[in-house]
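Asks: If you count the sequence shown from 1, you need to add 439 to reach my numbering. For every residue, glycine included, the Cβ atom is placed at its ideal position computed from N, Cα and C. If you're wondering where the values come from, they're calculated on a predicted model, not measured in any experiment.
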Amino acid sequence: MRGVSGEDIVRDFRDRIKMLSEREDIIFEKVAVTADQILDLKLPARPESAEEIRKIQRDPRYQKYVEKLRSDPRLAPLVERYGGLVRVELDALVALKPEDFKQILRNALSRYFDENIYREKTLPKMEELKEKAEEYRRQSFENLRKLLEGG
């Protein structure tokens, strides 16, 4: 639930991924800085500087954004308290509530994580990379030995 521009990032990202992938069946889920997180974690919900406030108010999407916030009964009190200037940065969540942020990400990922796919696809690739790294290390030491022996 970032500011006007931040909310548009979610839409823009979704639209671009669908366009580039030429797929419509991709599911997008906003997992951080939601209304519940703003309220439950008591995240700072108002811009701090007068410059930031002016920037938000100049955004042509501002009024539509405020109306969207007002229509959410959980956020309406914040909209009224701050005169429509409700904005929470993702950075605030990360900086002020790092453990909560990590848990939010873990929960979101766990909903889609498939242990079978991980074992089938990722573990063999990791083993292959370990073997390549070991071979590279051995070859590097061999090259260094030859160089030091003058040959």
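Using a Cβ-Cβ cutoff of less than 7 angstroms, which residues in the same chain neighbour R509 once the five nearest sequence positions on both sides are dropped?
Replies: A515 and V518
Asks: Between the segment 484-499 and the segment 519-534, do at least 3 Cβ pairs fall closer than 8 angstroms?
Replies: yes
Asks: Are at least three pairs of beta-carbons, each pair with one atom in the segment 491-508 and one in the segment 571-578, less than 8 angstroms apart?
Replies: no
Asks: Between the segment 456-468 and the segment 490-498, do at least 3 Cβ pairs fall closer than 8 angstroms?
Replies: The segment 456-468 vs the segment 490-498: no contact.
Asks: Looking at the structure shown, is R509 part of a helix, part of a strand, or coil, going by DSSP?
Replies: helix
Asks: Taking 8 angstroms as the limit between beta carbons, can you name the residues of its chain near R441, skipping five residues before and five after?
Replies: The pLDDT assigned to R441 is 47, lower than 50, so where the model puts this residue is not dependable, and the model offers no usable value.
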